[in-house]
Structures are given as C-alpha cells and as structure tokens.
Amino acid sequence: MDVLNQVILHENSRVGPDLEAWLQVGGEGLQIALQDATVLIPLIKEAGLRGLGGSGFPTHYKWAAVAEQKHSNEKYLICNGNEDEPGTFKDRILLEETPNQLIEGAMIAAVALRINHIVFYINPDLEDAIANIQRAIKQWKVTELYFNVSTHLQQPLEFSVLPASGHYIGGEETAAIETVENKFPFPRSKPPYPAENGVHGCPTLINNIETLCHIPHIVKNGAKWYQDLGIGEACGTKIYSLSGDILSPGAYELPMGTSLDELINLYGGGMLLNKKFKAVFTGGPSNTILTPKDLDVPLDFDSVAARHSNLGTGAMIVISEGTGIVKRVAEYVGFFAHSSCGQCPSCKTGTYYIAMLLNKIDMGLGRRIDLDALIHLCEILPGSGRCPLINGAVKVLESSLYHFMGEYEQSLID
Amino acid sequence: MSKGIPYDEALKRYQHDKEHTLPEMNEILRDYHPDYYPDSLVKLQVGINKGDLCHRQLAEMLQADARIDEADLAGTSITETNVLVIGGGGAGSAAALTAARNGASVILATKLRLGDSNTVMAEGGIQASIESGDTPQAHYDDTLKAGHNKANKKLVARMVMDAPDVIRWLIQEGMQFDQNEFGDLLTRRPGGASANRIVYYRDYTGLEMMRVLRESVSNSNIEVWDHSPVVELLSSETGHCAGAVIYSVEERTYKMIKAQAVILATGGIGRMHINGFPTTNHFGATGDGLILAYRLGAKLRDLDSFQYHPTGVAYPSHLAGSLITEGVRSAGVQLLNALGERFVDELKPRDYISAAILRECAEGRGVVVDDQTVGVWLDTPNMELREPGLMKQRFPKLFHLAKRGNLDPTKKPILVYPALHYQNGGVVIDENGHSTIPGLYCVGEVSGGIHGRNRIMGNALLEIISFGRRAGLQAAQNLSARGHKKSGIEHLTKLRRELSRANMPMDVKSPMLFPACANFELE
Numbered sequence: 029m030d031v032l033n034q035v036i037l038h039e040n041s042r043v044g045p046d047l048e049a050w051l052q053v054g055g056e057g058l059q060i061a062l063q064d065a066t067v068l069i070p071l072i073k074e075a076g077l078r079g080l081g082g083s084g085f086p087t088h089y090k091w092a093a094v095a096e097q098k099h100s101n102e103k104y105l106i107c108n109g110n111e112d113e114p115g116t117f118k119d120r121i122l123l124e125e126t127p128n129q130l131i132e133g134a135m136i137a138a139v140a141l142r143i144n145h146i147v148f149y150i151n152p153d154l155e156d157a158i159a160n161i162q163r164a165i166k167q168w169k170v171t172e173l174y175f176n177v178s179t180h181l182q183q184p185l186e187f188s189v190l191p192a193s194g195h196y197i198g199g200e201e202t203a204a205i206e207t208v209e210n211k212f213p214f215p216r217s218k219p220p221y222p223a224e225n226g227v228h229g230c231p232t233l234i235n236n237i238e239t240l241c242h243i244p245h246i247v248k249n250g251a252k253w254y255q256d257l258g259i260g261e262a263c264g265t266k267i268y269s270l271s272g273d274i275l276s277p278g279a280y281e282l283p284m285g286t287s288l289d290e291l292i293n294l295y296g297g298g299m300l301l302n303k304k305f306k307a308v309f310t311g312g313p314s315n316t317i318l319t320p321k322d323l324d325v326p327l328d329f330d331s332v333a334a335r336h337s338n339l340g341t342g343a344m345i346v347i348s349e350g351t352g353i354v355k356r357v358a359e360y361v362g363f364f365a366h367s368s369c370g371q372c373p374s375c376k377t378g379t380y381y382i383a384m385l386l387n388k389i390d391m392g393l394g395r396r397i398d399l400d401a402l403i404h405l406c407e408i409l410p411g412s413g414r415c416p417l418i419n420g421a422v423k424v425l426e427s428s429l430y431h432f433m434g435e436y437e438q439s440l441i442d
Numbered sequence: 065m066s067k068g069i070p071y072d073e074a075l076k077r078y079q080h081d082k083e084h085t086l087p088e089m090n091e092i093l094r095d096y097h098p099d100y101y102p103d104s105l106v107k108l109q110v111g112i113n114k115g116d117l118c119h120r121q122l123a124e125m126l127q128a129d130a131r132i133d134e135a136d137l138a139g140t141s142i143t144e145t146n147v148l149v150i151g152g153g154g155a156g157s158a159a160a161l162t163a164a165r166n167g168a169s170v171i172l173a174t175k176l177r178l179g180d181s182n183t184v185m186a187e188g189g190i191q192a193s194i195e196s197g198d199t200p201q202a203h204y205d206d207t208l209k210a211g212h213n214k215a216n217k218k219l220v221a222r223m224v225m226d227a228p229d230v231i232r233w234l235i236q237e238g239m240q241f242d243q244n245e246f247g248d249l250l251t252r253r254p255g256g257a258s259a260n261r262i263v264y265y266r267d268y269t270g271l272e273m274m275r276v277l278r279e280s281v282s283n284s285n286i287e288v289w290d291h292s293p294v295v296e297l298l299s300s301e302t303g304h305c306a307g308a309v310i311y312s313v314e315e316r317t318y319k320m321i322k323a324q325a326v327i328l329a330t331g332g333i334g335r336m337h338i339n340g341f342p343t344t345n346h347f348g349a350t351g352d353g354l355i356l357a358y359r360l361g362a363k364l365r366d367l368d369s370f371q372y373h374p375t376g377v378a379y380p381s382h383l384a385g386s387l388i389t390e391g392v393r394s395a396g397v398q399l400l401n402a403l404g405e406r407f408v409d410e411l412k413p414r415d416y417i418s419a420a421i422l423r424e425c426a427e428g429r430g431v432v433v434d435d436q437t438v439g440v441w442l443d444t445p446n447m448e449l450r451e452p453g454l455m456k457q458r459f460p461k462l463f464h465l466a467k468r469g470n471l472d473p474t475k476k477p478i479l480v481y482p483a484l485h486y487q488n489g490g491v492v493i494d495e496n497g498h499s500t501i502p503g504l505y506c507v508g509e510v511s512g513g514i515h516g517r518n519r520i521m522g523n524a525l526l527e528i529i530s531f532g533r534r535a536g537l538q539a540a541q542n543l544s545a546r547g548h549k550k551s552g553i554e555h556l557t558k559l560r561r562e563l564s565r566a567n568m569p570m571d572v573k574s575p576m577l578f579p580a581c582a583n584f585e586l587e
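Next up, the structure:
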C-alpha cells in the first residue's frame, strides 16, 4: 500500500548497515549541521519535533538544557533503544534497517550540543540490531565527515554500543544512566535532571531512536517541510506499531495525526475475522485505552491526551469483542510487577497486589471489596515511586475501570 | 498309461504363471499404491510448508481454524513444569522417563490413558542388529532402501547405532523377549531386510514394551494427566514453544501447562481414514500433533506419504482393519489370490506388497464377500501343515483375533486387505528430536524423516525409544533458569490472519482430538 509522507521508514532510508548506500541518500544533514551548529536548536524547535519514545516532550528543551551546561567538557548522548514494552517494535526496525540514519542523527546532536560520547543503548534481545550498529560505526569512523565532527568538537567523538541489562525499567532515563555507569538499572530521583547531572556527573542527553532518526531529515529539508508532514497542528510523522486482532499488523510510518479509524481499517486491513472492535491499548500497556467512540481521534500527542489517554510509543494493541479486558489488564499489570526494580516499596508491593486482585476477579473469585480496593489503589499509588513505572501500572488499570466498569462488576461473586 | 496333464500343456501353464510376475517397484506403486491416487493430493496454501503436496484430508485439518481463542482461557488454572510430554505411548513414556531421571520435573499429559496408544498395537517386534554377521551398516542400508532413499540419513544413522543399546535398556527396564533354550534372543527377518534382525515377544511385543514402560512411569515422580487432550500449544514472545492448553475431559475445563520444553509424542493419523481405508491404528490416532506443531510454525515433511499395512483383516467386517503382524509373513505364511496363486514375494517392503494386493483386487483376482468386501488369502493352514503348533505358540494374538472372528486359522485362510497403518512423514526433527521451533521436540510417529517414504517393520518401536530417550535427555539438559516472560496463543492470531488472506473456510476446526464416531464436543 502506498503510504503518504514516509520518511524514516521510506525505502530509500532502509538500506541496512552499508554506509555507502546510505550516503547516496543521506549525509547532507550532517554537512549542513557542520557549516553552522548554532542554528540547529532553533531549527528543531521550529520543526516541532517531540520525544517519540513515549513522553511527547518537546525535544528542543532537552537539547537546549544540555547545550547550556558549561561545567564539563565531557558530554554524553544516550540513544535509547531499550524498547521492551509489549506491542512496541518500531525501534527494532529502525536499528536493524536504518542504523546509519540513526548514527547521522546522533552525530548532528553531538555537533549541536558539543557531545563527545555517543552511547547506543540497545535491548540485548535485538542481536541483529546490535550487530548492524557495530558494523555501521566501523564504517563511519574512517570517513571524512567523522573527522570533521571531531575537529568541530576539538576532541575525538567516541562511539560505544551498550547492550542494556534486559530489564524493562532500564529504558527509564536515569536507569539508563546507571547502566552506562555499569550499575544495576535503579532509577534515580529527579531532579537533578540528566541534562545537568547524568553519566558520571556529566551533562547527558537521552533521546529515543525514532526521535534521533528524524534529525537528519529535518536539518536537510528544513522545519517547514517537517511541520507540513503532519496533519493539522501535529508535525512530522510517527511510527505506529499496530498489533492485536488485526488483519495486517506491523509498523506503519504515517503522518502524525492520522485517525485511529484510518490506521485500523485502512492500513491495518480491518478487524480479523470481521470481529467487532472493542478497545485499543494505546502506547503499549503503560498507557491507556481508547474505545469505539474514540475511533475518530487523530493519533497525535495532544489530541489523544484530550481523550484522557496517551499516545505513548505509538503502539496500538487492538482488541476485539470476546476478549476479556480484565484478563488483559491483569497480564499487563503482571508485566509491571515483574519489571519493578523493587527499590520503592509502594511500586514493588502495589503492582503485585493489583495483579493479584485482577487475577482473582478474572477467575471469577472476586468480591465487591476487591474492586473497591483496586479503585482505592488507583488513588493512592500514583506518584509514590521514583520513576513513572507505578504510574503506568495504575494508569492502565484506571483507564480500564473507567471504560469497562461493567465488565469488572459482572465478574464479581456478589 | 497313468492319468495326468501332458508335459507340453503343463509347461505352458507353468509359463502362464510366469507371466504373472510383478512389474517394477516404481511402476506398481505409481499404478496401485493409494499415495498416488489422482485427486488425493493438494498443495498447502498456508504456513511454512506452503506449496508442498499434502493429502487432501490432512490439508483440510492443517488449514483449519483453532478450537479456542483468548476468551476460552479466561480464568483457566495454570500449572508450571520443566518438561511437558504430550502423549502416553512408548515415545512419550521413554522421553518422560529420561527427562525425569535427568532431574527435570515432568508432566505427561495424554488424551486417553497412559499406554493407550499404537505402541501396544505393535506386534511384530523391534529391529536391532544384534545377530553375529549383522551390522548397523546393513540395518542402515535396508532402512534407507525401503524408504526409497528419501529418509534423513543422519537420523537413520543415529537410530541404527542406538538400536542394540535400546534393546539393552528395555531389558534393564524389565521387558521380556523370546529366547532360545540358551537364553539368546530369537530373531526373525523383517520384510525388506537383508538379515534376521527382529527381536520380539510372541506377537505382542509392543504390549510387553508398554507394560514395562507404564510400570516405570508409575514408579517415577512423573505426574501423569490422563484424559487430557491438548487443544493448542503455547508460544512465548520469542517464538519458543512454552507449554500447552489441555482440555480436561473429566472436569470439562481448559487448563494451561507452562513448560520450558514440550515433547510432542502424539502419534499418527490413522483415524483420519485417509482415502477411505480401514486402519490398524487405535482410537486416539487423529494426527493432533502435526496440526499443533504446524500452527506454531514447525516445518513438516512427506505429508503425501502413508503406509498401508498389507495384512489388515478384511472379513468378518467387525474386525476390518485389525492388524495381522508381518511376523506371520516373516515366519513363512504366504499370500494367495482368489485363484490360489501366490502373486508376490511376502518379504518385500510393505508398500510394494500392499500395492500388489490392491492390483490383484483391482484386476478381478480378489476374493469377494457380500458384494462389498474384497481381499486376498493369508495362507495360514499351509503354515500349520509345515510346522504344526508353531503358529499357536508364536502368534497368540492372531489366535485371539481369530477367536473374536469365529475363525480357525489352522483350517481356513484369513481374508486380508491393506489397512492404513503409519504416517511416514511428520515434523522435521534433528538428531535429538528437536523440531524447527525452539523448545519443541517431536518423537515417535509424529516426527518425520526417519523412514523416508516407506517404513520397514520393527523400526517404529526402535524409533520411539531411540529418539524418545534422546529428546528427554536433551530437554532436561537445556532447561534455562529464566522461564518465558509470556506464554499465550498469540500464534493463533497469526494463523487466522493467514487463513483470512488465503480465503480458507473458517468453519472447520482442528485438531480433531477424537474420531467422528466418538461424538465428542468441547464445552
């Protein structure tokens, strides 16, 4: 199917780890960046690029914060590819098929913010991705562009590839920093933010793989071009990881702001076996649920937030009639319970307790007091941990309670 | 001058008989073997074997919709174990025993009861090159040749080298074999072999084998789940096989068993009655394992090749399909057509003899009863004349069968006709029984590649123990400390997508679980 406005997953971009093939279509962004590094942050700001790893936080804020730091000559960039959420598989494709696009994006960031350490922080299960990145780096290191960047920085630019520890929580910013420092990925409390005090106390920028992949194209084609890719107010494109009871699941790069209906019925080929659409878990389970009445929602950060939901990583797990919501939520909360690093008691016990209650209700053994306990937990748990993991677990529960209270009540004994 | 047929005329008749010699192997198979019936084969349209030839009835099952979806698993109980063995026949028991003895916790789930399997139906014996003058090399050559050189040579080599040790292991477990007065094992020659290589116990070798295996399983710490057919395998997020969904017939509920390794030993497809043939197989041989493994993405092979045993009972009709062991032919019993003529060398490979019998019947030289049943004679009275009493001593099961049919094999020949016996193909495995899906082992009849396109007598009992033990050991040794993060039936969504895209009808459900005559419905 022809997909409008494809950029980072365009077939021209998907050339694999071969640098020469990439330089046929890319490389220009980095050359432009080297000519005048000062225009880059305003350019990103104008383009409206946001963090595509799930937060939707405007990228230029992070960049500016790191650029301001003068206290250290050493600065780090962590390219966050710890993708581990159920239902999200966009970074894997980008890392495997477009490693050079990512490296160029990271080098532009290095030029803009005078960063001299680039760490590719990748989920250890993605073995092909790690191999491809390593192959690509080897080729970059002998190019003229690489020397020009080092000259610009007045110190050598260092690359490293770091397989993550294999924990979901390792994708959290500060946990990633801990891993780079060779420690267990316990999230730190913020502030201080990584931009001031990151790896070994140095200013550190942490961006998602998808975010960084957009950079070369924005620098090459300009902010206006990027803005125009999106629909309505939204800018650029987004990779939606579509899965679940859908005829054609997969990663679709579409204009930011494509409607949910279009994603499911046009690109996803409609529901499997013509079952009825029941709900979609957006952004993977750490986010929320959209129901049939939200089919018209444009899938960009602001519009989805207006429906009390979250776009997150762009994962869309579609569920059809006949699938039990309680069971699904129990599975997801179980995932969080396993993923909790255990340093905050409320998160460690809270996630387990929620999962236990949900399983009880799902097995038809729950009572009214169990449901009340769940509702109560939704009020007291959020914000009680150092990192947002516990918030994610509560959010998916809260959202399911909001939309499918009837289904919960039906499962109760009394 | 004495009365008689003149010399010239007698010679003419003698030469007329000569004309009756059989055509070449390939020719008779092509013309008469059921594998080559026109319209019986189709190309698979879905799954990893897409484009391969497959029997029509099997293809329908392989390309059918699953019996369960997510909703059925709400609130199911979950049991965890290291190794899950599916199937309670000889292969499953051998695998379970070996895994348990190597330190794994094992659940053995079986559709019927432990031992209720084709293993107990095996009569003739088990092959192992233990006679002086015989070698594993000869065993290897015979197996490959009978399988038309289509077998996986590595697997055959493993099996024939294992064979003497398999016999030793079985004896240590307590199995009896027929012996001479010095205590040496008696042997006889299987059809298609170059030496006496079958060891046996009467004509119920498989039953005796299952007796000891069953006892060993009860004396181990293996947990046996009877009446628990598997309706689907579980897959992990990384595509490993991660357990199974079983249906408890007694409690009428689904249950989940999560495991780090699954050993599939579900047997063959006899009860699908391919091409309308009667079968020698027992009640549970409905080909479930093939379908479950295929859905998980395991590669299959030789789906168009089945074995028809030459001597299934044809009459009386209530015994149709009951097996008369090839041991009878090894011992010297001959096959005769309705004219009383011998038409084939009885010690040729099975596919050849079956095709020869079908040829006699097709060309009007078969014995017809009641206008519908047709067959040829198994000349047991002749054997009785030559070696009085031997048959009764060696083949008690044959006499038991005859009694049920109100026949006396010492007086009257038995009417026989080929019966669906064995599935030659199956799931592709390596030398340890590992399929192409990580964590999924397949042993016994459900696996493919060991026999090529035709199995030789006595290799089935050998295969189940040889590969059962290998898979059990391998599964127990490769347990990872970290289990699977997630196990579920996600792969079914993929299957349904493919079926929708290929426009397959979604009203057929598989696996079959029980033959149609069982009238069994899941809740």
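Sequence lines, in order, name chains A and B.
Under our numbering, read the first sequence as residues 29 to 442, first letter to last.
Under our numbering, read the second sequence as residues 65 to 587, first letter to last.
C-beta atoms are modelled at their ideal positions from N, C-alpha and C, and glycine is treated no differently.
Short CB-CB distance (under 9 angstroms) between residue i and chain B
i      : result
K118/A : no
E359/A : yes
D447/A : Only positions 29 to 442 of chain A appear in the structure, and residue 447/A is not among them; the question remains open.
H366/A : yes
F309/A : no
D398/A : no
Closest Cα partner of residue i within the set the options
i      : options                           : result
A257/B : G513/B, P452/B and P413/B         : P413/B
R222/B : R517/B, S511/B, A329/B and E495/B : E495/B
P569/B : E73/B, A128/B, H97/B and P87/B    : A128/B
G81/A  : H99/A, N236/A and Y104/A          : N236/A
M521/B : L577/B, Y486/B, I421/B and A123/B : Y486/B
D290/B : K475/B, N113/B and V149/B         : V149/B
I408/A : I397/A, M391/A, E426/A and L393/A : E426/A
G55/A  : M433/A, T351/A, G411/A and H245/A : H245/A
D352/B : T199/B, E562/B, I333/B and Y505/B : I333/B
Proximity test, Cβ basis, 9 angstroms: residue i and chain A
i      : result
R131/B : no
A306/B : no
D571/B : no
G139/B : yes
E296/B : no
Cutoff 6 angstroms; reference residue i; Cβ partners in own chain excluding five residues on either side
i      : result
N146/B : A168, S169, Q324 and L543
Q371/A : F214
N216/B : G513
T202/A : P215 and R216
N40/A  : V53
Neighbour list for residue i in chain B, Cβ cutoff strictly below 9 angstroms
i     : result
G81/A : Correct list: empty, because the minimum Cβ distance to chain B is about 20 angstroms.
Where residue i meets chain A, residues with beta-carbon distance less than 7 angstroms
i      : result
R561/B : L275 and L300
A135/B : G350, T351 and G352
Residue i CB to nearest heavy atom of the ligand SAM below 8 angstroms
i      : result
G189/B : Absent from the structure shown: the ligand SAM. Ligands present: none.
Sequence-distant residues of its chain with Cβ nearer than 7 angstroms to residue i (five each side left out)
i      : result
Y380/A : A365
L526/B : I190, Q191, A192, M223, A227 and V230
Y101/B : N339
R42/A  : E125 and T126
Partner residues on chain E for residue i, Cβ-Cβ distance less than 9 angstroms
i      : result
T557/B : Considering every chain present, this structure includes no chain E. Its protein chains are A and B.
Interface residues of chain B facing residue i [CB-CB closer than 7 angstroms]
i      : result
K355/A : A138
Proximal chain A residues relative to residue i, where beta-carbon distance stays under 8 angstroms
i      : result
A349/B : Correct list: empty, because the minimum Cβ distance to chain A is about 31 angstroms.
S564/B : L275, L300 and L301
Write down every uninterrupted run of the alpha helix (DSSP H) in the region 204-267 of chain B whose length is 4 residues or greater and which is fully enclosed by it, in chain order. 217-237
Please list the segments of the alpha helix (DSSP H) lying wholly inside the region 137-197 of chain B, counting only runs of 4 or more residues, in order along the chain. Entirely contained in the region 137-197 of chain B, the alpha helix (DSSP H) runs reaching 4 residues are, in chain order, 154-165.
If we require 4 or more residues per run, which alpha helix (DSSP H) segments fall completely within the region 287-352 of chain A? Runs of the alpha helix (DSSP H) inside the region 287-352 of chain A: 329-334.
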